[in-house]
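Asks: Just so you know, we're using this note's numbering here: the sequence shown kicks off at 1 and counts up by one.
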Amino acid sequence: MHQEPFIPFAVWYTGGRARATMVRPPDANARDTWKKDVETIRDCGFNAIRCWVDWASGEPYPGDYHFEALDLLMDLAEEAGLKVIIQVYLDSAPDWLVKYYPDCRYVSADGVAIDSQGAPGYCYDHPGVRSAAERFLETLAAHVTERPAFYAWDLWSEPHIVQWGYFDFLPQPAVFCYCHYTVQRFRDWLQRKYQDLEALNTAWYRRFSSWDVIPAPKFISLMTYTEYLDWLQFIVDKLAEDLHWRHQVVRRVDDHITTSHSAVPSVLTVPTDSQGSPDDWLMARSVDIWGTSLYPKHVGAKETDDPSFRAAMLASTRSSCDAAGTPYWLGELQGGHGYVGMFASHMTEADARSYAWHPLAHGAKGLCFYAWYPMSSGYESAGFGLANLDGTPSERALAAGSIARTVSKYMDLFVKGRPPRARAAICWNVYANMMWICMRQPWHYIPSRSYIGAYRALYQEHVPADFVHADEISKGKLGEYSVLYLPFAFMLPRSAAGSIDAFVAQGGIVMAEARTGWNDETGYCGEAVPGFGLEKVFGCRERGAQGVDEDTPVRIRIVREHPALPLLHTDDIVIGARFRESLEPLSDTAEVVGEFEDGSPAIVVNRHGEGWAVFVGTLLSFGFYKFGDENAGKLLKGLLRLAGIEPPVTVEGVQPGLDIEPAVLEGTDDSGQPFRIFFAFNHTDQPAQPQFNIAVPRDSYTATDIVTNQTVPCQFRSGRLVLSKPLEPKEIWVVKITKAAVA
Numbered sequence: 001m002h003q004e005p006f007i008p009f010a011v012w013y014t015g016g017r018a019r020a021t022m023v024r025p026p027d028a029n030a031r032d033t034w035k036k037d038v039e040t041i042r043d044c045g046f047n048a049i050r051c052w053v054d055w056a057s058g059e060p061y062p063g064d065y066h067f068e069a070l071d072l073l074m075d076l077a078e079e080a081g082l083k084v085i086i087q088v089y090l091d092s093a094p095d096w097l098v099k100y101y102p103d104c105r106y107v108s109a110d111g112v113a114i115d116s117q118g119a120p121g122y123c124y125d126h127p128g129v130r131s132a133a134e135r136f137l138e139t140l141a142a143h144v145t146e147r148p149a150f151y152a153w154d155l156w157s158e159p160h161i162v163q164w165g166y167f168d169f170l171p172q173p174a175v176f177c178y179c180h181y182t183v184q185r186f187r188d189w190l191q192r193k194y195q196d197l198e199a200l201n202t203a204w205y206r207r208f209s210s211w212d213v214i215p216a217p218k219f220i221s222l223m224t225y226t227e228y229l230d231w232l233q234f235i236v237d238k239l240a241e242d243l244h245w246r247h248q249v250v251r252r253v254d255d256h257i258t259t260s261h262s263a264v265p266s267v268l269t270v271p272t273d274s275q276g277s278p279d280d281w282l283m284a285r286s287v288d289i290w291g292t293s294l295y296p297k298h299v300g301a302k303e304t305d306d307p308s309f310r311a312a313m314l315a316s317t318r319s320s321c322d323a324a325g326t327p328y329w330l331g332e333l334q335g336g337h338g339y340v341g342m343f344a345s346h347m348t349e350a351d352a353r354s355y356a357w358h359p360l361a362h363g364a365k366g367l368c369f370y371a372w373y374p375m376s377s378g379y380e381s382a383g384f385g386l387a388n389l390d391g392t393p394s395e396r397a398l399a400a401g402s403i404a405r406t407v408s409k410y411m412d413l414f415v416k417g418r419p420p421r422a423r424a425a426i427c428w429n430v431y432a433n434m435m436w437i438c439m440r441q442p443w444h445y446i447p448s449r450s451y452i453g454a455y456r457a458l459y460q461e462h463v464p465a466d467f468v469h470a471d472e473i474s475k476g477k478l479g480e481y482s483v484l485y486l487p488f489a490f491m492l493p494r495s496a497a498g499s500i501d502a503f504v505a506q507g508g509i510v511m512a513e514a515r516t517g518w519n520d521e522t523g524y525c526g527e528a529v530p531g532f533g534l535e536k537v538f539g540c541r542e543r544g545a546q547g548v549d550e551d552t553p554v555r556i557r558i559v560r561e562h563p564a565l566p567l568l569h570t571d572d573i574v575i576g577a578r579f580r581e582s583l584e585p586l587s588d589t590a591e592v593v594g595e596f597e598d599g600s601p602a603i604v605v606n607r608h609g610e611g612w613a614v615f616v617g618t619l620l621s622f623g624f625y626k627f628g629d630e631n632a633g634k635l636l637k638g639l640l641r642l643a644g645i646e647p648p649v650t651v652e653g654v655q656p657g658l659d660i661e662p663a664v665l666e667g668t669d670d671s672g673q674p675f676r677i678f679f680a681f682n683h684t685d686q687p688a689q690p691q692f693n694i695a696v697p698r699d700s701y702t703a704t705d706i707v708t709n710q711t712v713p714c715q716f717r718s719g720r721l722v723l724s725k726p727l728e729p730k731e732i733w734v735v736k737i738t739k740a741a742v743a
């Protein structure tokens, strides 16, 4: 279906004060009261409504469908000129399913069958449940496909194997699903992977006589965890396959955009989180648009209000969608105060502006504020609303709506604008995350903060970075980059190790950290650590390793200045974390440039072919995140200088420690003319006087503040366009830059 370029600026609303996932049927006064809400939403500036349909109320009895609330909302949206996104909740499943299919409950690893309490519904691996879900989706899709206001689907909100339930009575982490239908699906997955039963027996060190006796793994053994790795990969693949199944079902009768979104980007998770968490790179290939939720001031969010943390979340989601060739958006964006049983810090009008502009500056193509009304009941009651409890718009709603108007005015530019191409890549490594689980370390904190720490170093230099999946490295993706960071790479596929070898030999630069290449994707060691040929790339191997308490800094002294460490000097101290891995040089080209306090080699730099390889025997990126050591940052940032990477925008005149973030979107408008949208964020509580120097081709330019429509003075100087503006605390400046008209 052809649709005009559009960026939805939506609010979650499904009629009155009903909270997701619940739907209240319209009463006699609903048209008047709902119409008032819809018109208020429109008058604030929003261009779309994101409503929801849950299976339980949509089909309370088999074949008895009820879409009255959806029909009224569609009517009101059409009258108001708003688009509609439909969120589908299959997980709020009707109770009659368990009557017809008594064996359809989800089953935990310890054998507990879960009775749904409005959630989590029932297992879609059960053929009866799956067929019933397909009938419901097809009926719903046929019901709305011709509605003029209908814009897009969201087929699965925050996918997990099971969701919307808190299984505190089960051993943690609670892992699903072990019903016999999912176990059979796992066997089918194994058969596709291994083809031959003897190949599986060899890999697992087992002696199964047939495929149908293979159990689903539940624990890790002392000798091998290959079978548990297979189970974890199956869970990740199953989530992507189940999302694509939903996409295919609605496609049978409707061709509107299909979307879905994660609870948090997978850069922050491990596969066992929240009863099964997805791989963004797989999910992005399963629908037309993938995205994420973003709740910077959620009660459960301790660090996400930090701008560099948010930027990393956005960059990782964008990267996964770039790999699939699709846009990304925010399926849920915090609209009000974070109440989840307890209180979080107050969300302000300035927060609403920041939470809207920041994703747009990072390339998001849609924002869906959760929600219009505060939650009316449950664990989140009174939380998250853009409106006040009485339905009047808050200052947050007015601020977000004002931005929506601006984006709608410049819709073509925001649709076509893209962040500048990144030359620096950070490996996101789902295999290492799985190994972390198999090491009986189920908490995601160290892996996730390692990835965020590497990103934060580049963020501070205003250098764009992509997150690259380990599988993309195996497929040759590194040819697009100059620098690769491997911040948490305990496990690497052998094919990825080979690609890294070729990347460096051809002139690339790579930095790896402690215990990189410890295991391959099957859970086995090579002949060294780092292994699988990486010992030749880095010119060293592990001589010994010691674990260190998470809160204890690991000190490394720089003993020699080197071109690969251009920002560090002899006797500088670099702080890492968690491991003290002493190294043994293996080649004449390998140089020890850093030592631990006991004098053992801690940093080795090796010239490999035309490139450079730097190995650091500690978790440097995690240490930089945790301790904020300036020299650790210099070690990470120095590779940019070694590679000759310049930021798209440099910032001058800012005091150290002030977080002034520049961002740029680039594109070509309908007339074929290049444009840029420049953003400047003062993320601090202090005023600033920055000068911004934007890399552009030599030419004459016009700059316009798109909020005030005022002309902005600009001057081309030394290969960059210079703009400056005093920024008040929390101020955001957005400027359109085009070539000046020729007289």
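Beta carbons are placed, not taken as given, at the ideal position from N, Cα and C, and that holds for glycine.
Got a sec? Which residues, its chain only, sit under 7 Å from valine 129 by beta carbon, not counting five neighbours each side?
Replies: Working through the sequence shown from its first residue, we reach residue 129 at position 129. Once the five neighbours on either side are set aside, the close Cβ partners of valine 129 are Leu97, Tyr101, Cys104, Tyr122, Cys123.
Asks: Can you tell which of Phe46, Ala632, Val430, Ser210 has its C-alpha closest to the C-alpha of leucine 232?
Replies: Working through the sequence shown from its first residue, we reach residue 232 at position 232. That would be Val430, whose Cα lies nearest to the Cα of leucine 232.
Asks: Span of the beta strand (DSSP E) holding glycine 331?
Replies: As a first step, residue 331 is located in the sequence shown; it is residue number 331 there, counting from the start. Glycine 331 -> beta strand (DSSP E) spans 328-334.
Asks: Per DSSP, what are the beta-bridge partners of glutamine 506 in this structure?
Replies: Start at 1 with the first residue of the sequence shown, and residue 506 comes out as number 506. DSSP, once it has assigned bridges, lists no residue as partnering glutamine 506.
Asks: Does the beta-carbon distance from isoleucine 732 to tyrosine 625 come in below 8 Å?
Replies: As a working note, residue 732 is residue 732 in the sequence shown. As a working note, residue 625 is residue 625 in the sequence shown. No. Outside cutoff.
Asks: Spatial neighbours of arginine 449 within its chain, please: C-beta separation below 6 Å, excluding the five flanking residues on both sides.
Replies: Numbered from its first residue, the sequence shown carries residue 449 at position 449. The answer, listed in chain order, is Phe622, Tyr625.
Asks: With DSSP collapsed to three states, give me the class of methionine 145.
Replies: Against the sequence shown, residue 145 aligns to sequence position 145. Inspection of the sequence shows that residue 145 is occupied by threonine rather than by methionine. Three-state result, threonine 145: coil.
Asks: On the criterion of 16 or more Cβ atoms from any shown chain inside 10 Å, does glutamate 4 qualify as buried, or is it exposed?
Replies: Looking up residue 4 in the sequence shown gives position 4. Glutamate 4 is exposed by the Cβ-count criterion.
Asks: From what residue to what residue does the alpha helix (DSSP H) around proline 447 run?
Replies: To locate residue 447, count along the sequence shown from 1; it is residue 447. That run of the alpha helix (DSSP H) goes 445-460.
Asks: Looking at the secondary structure, which residues open and close the beta strand (DSSP E) in which cysteine 540 lies?
Replies: If you number the sequence shown from 1, residue 540 lands on position 540. From DSSP, the beta strand (DSSP E) with cysteine 540 extends over 540-547.
Asks: To which residues of the same chain is glutamate 646 closer than 6 Å at the C-beta, ignoring the five residues directly before and after it?
Replies: Numbered from 1 along the sequence shown, position 646 holds the residue referred to as residue 646. Within the same chain, glutamate 646 has no close Cβ partners at all.
Asks: Inspect the beta-carbon positions of aspartate 125 and arginine 187 and report whether they are closer than 8 Å.
Replies: For the purposes of this step, residue 125 is taken as residue 125 along the sequence shown, with counting starting at 1. For the purposes of this step, residue 187 is taken as residue 187 along the sequence shown, with counting starting at 1. Contact: no.
Asks: Given this structure, state the Cα-to-Cα distance separating valine 250 from serine 157, to the nearest angstrom.
Replies: Sequence index remark: in the sequence shown, residue 250 carries index 250 (1-based). Sequence index remark: in the sequence shown, residue 157 carries index 157 (1-based). About 16 Å.
Asks: What's the gap between the Cα of aspartate 115 and the Cα of alanine 18?
Replies: Taking the sequence shown and counting its residues from 1, one reaches residue 115 at position 115. Taking the sequence shown and counting its residues from 1, one reaches residue 18 at position 18. The straight-line gap from Cα to Cα measures roughly 24 Å.
Asks: Ignore the nearest five residues each way along the sequence and tell me which others in arginine 698's own chain have a CB closer than 8 Å to its CB.
Replies: Counted from its first residue, the sequence shown places residue 698 at position 698. Cβ within range, chain order: Phe716, Gly719.
Asks: Put histidine 362 into one of helix, strand or coil per three-state DSSP.
Replies: Working through the sequence shown from its first residue, we reach residue 362 at position 362. Of the three classes helix, strand and coil, the one that applies to histidine 362 here is coil, per DSSP.
Asks: Do you know how far the Cα of aspartate 212 is from the Cα of valine 38?
Replies: On the sequence shown, position 38 is the one that residue 38 refers to. On the sequence shown, position 212 is the one that residue 212 refers to. Answer to the nearest angstrom: the Cα atoms are 55 Å apart.
Asks: Which class does glycine 672 belong to by DSSP, given the choice of helix, strand or coil?
Replies: Against the sequence shown, residue 672 aligns to sequence position 672. In this structure, glycine 672 counts as coil in the three-state DSSP scheme.
Asks: Here's a check: name, in chain order, each residue in its chain whose Cβ is nearer than 6 Å to the Cβ of glycine 617, leaving out the five neighbours to either side.
Replies: Position 617 of the sequence shown, counted from the start, is the residue given in the question as residue 617. Cβ within range, chain order: Ala514, Glu581, Leu583, Ala602.
Asks: Evaluate proline 374 with the Cβ neighbour count: other Cβ atoms within 10 Å of its Cβ, from every protein chain shown; 16 or more gives buried, anything less gives exposed.
Replies: Locating residue 374 in the sequence shown gives position 374, counting from the first residue. Per the 10 Å Cβ criterion, buried.
Asks: For a quick check, are the C-beta atoms of threonine 668 and tyrosine 701 less than 8 Å apart?
Replies: Reading the sequence shown from its first residue, position 668 is the one you call residue 668. Reading the sequence shown from its first residue, position 701 is the one you call residue 701. Not in contact: threonine 668 and tyrosine 701 (Cβ atoms no closer than 8 Å).
Asks: Comparing C-alpha positions only, which one of Gly383, Thr292, Pro278, Ser131 sits nearest to alanine 240?
Replies: The residue given as residue 240 occupies position 240 in the sequence shown. That would be Pro278, whose Cα lies nearest to the Cα of alanine 240.
Asks: Quick check: the region 263-278 against the region 168-186, are at least 3 beta-carbon pairs closer than 8 Å?
Replies: At 8 Å Cβ cutoff, the stretches touch.
Asks: To which residues of the same chain is phenylalanine 615 closer than 6 Å at the C-beta, ignoring the five residues directly before and after it?
Replies: Looking up residue 615 in the sequence shown gives position 615. So the list reads Ala512, Phe538, Cys540, Val604, once near-sequence residues are dropped.
Asks: Using the rule of at least 16 other Cβ atoms within 10 Å of the residue's Cβ for burial, across every protein chain shown, is glutamine 744 buried or exposed?
Replies: For the chain, the structure presents residues 1 to 743; residue 744 sits outside this window and is missing.
Asks: Output the residue ranges of the alpha helix (DSSP H) runs that lie fully inside the region 142-209 and measure 4 residues or longer, sorted by chain position.
Replies: 180-194, 197-204
Asks: Can you give me the Cβ contacts of phenylalanine 136 inside the same chain, cut-off strictly under 6 Å, excluding the 5 residues immediately before and after it?
Replies: Taking the first residue of the sequence shown as 1, we reach residue 136 at position 136. So the qualifying residues of the chain are Trp55, Glu59.
Asks: Tell me whether tryptophan 281 sits in a helix, a strand or coil according to DSSP, three-state version.
Replies: Mapped onto the sequence shown, residue 281 falls at position 281. DSSP places tryptophan 281 within a helical segment (H, G or I) once states are collapsed to three.
Asks: Can you give me the C-alpha to C-alpha distance between arginine 318 and serine 210, rounded to a whole angstrom?
Replies: For this step, residue 318 is matched to residue 318 along the sequence shown. For this step, residue 210 is matched to residue 210 along the sequence shown. Arginine 318 and serine 210: Cα-Cα distance of roughly 43 Å.
Asks: So that I know if they touch, is there some Cβ in chain D lying closer than 8 Å to that of threonine 522?
Replies: Among the chains in the structure shown there is no chain D, since it carries only a single protein chain.
Asks: Under a three-way DSSP split, which group does methionine 223 fall into?
Replies: As a position in the sequence shown, residue 223 is number 223, starting the count at 1. Residue state, collapsed to three classes: coil.
Asks: Mapping the DSSP letters down to three states, classify serine 402 as helix, strand or coil.
Replies: Reading the sequence shown from its first residue, position 402 is the one you call residue 402. In the structure shown, serine 402 sits in a helix (DSSP, three-state: H, G or I).
Asks: Can you tell me whether cysteine 714 is buried or exposed? The criterion is at least 16 other CB atoms within 10 Å of its CB, across all chains shown.
Replies: For the purposes of this step, residue 714 is identified with residue 714 of the sequence shown, where counting begins at 1. With 16 or more Cβ atoms within 10 Å of its Cβ, cysteine 714 is classed as buried.
Asks: If tryptophan 746 and threonine 21 are in contact, beta carbons under 8 Å, what's the gap, nearest whole angstrom?
Replies: Outside the displayed range of the chain (1 to 743) lies residue 746, so it cannot be described from this structure.
Asks: Taking alanine 643 as the reference, give the member of Ser482, Ser108, Met223, Asp154 with the closest Cα.
Replies: Taking the first residue of the sequence shown as position 1, residue 643 is located at position 643. Comparing Cα positions, the closest option is Ser482.
Asks: Which of the three DSSP states is assigned to asparagine 631 in this structure?
Replies: Here residue 631 is taken as the residue at index 631 of the sequence shown, counted from 1. Here asparagine 631 sits in helix by DSSP.
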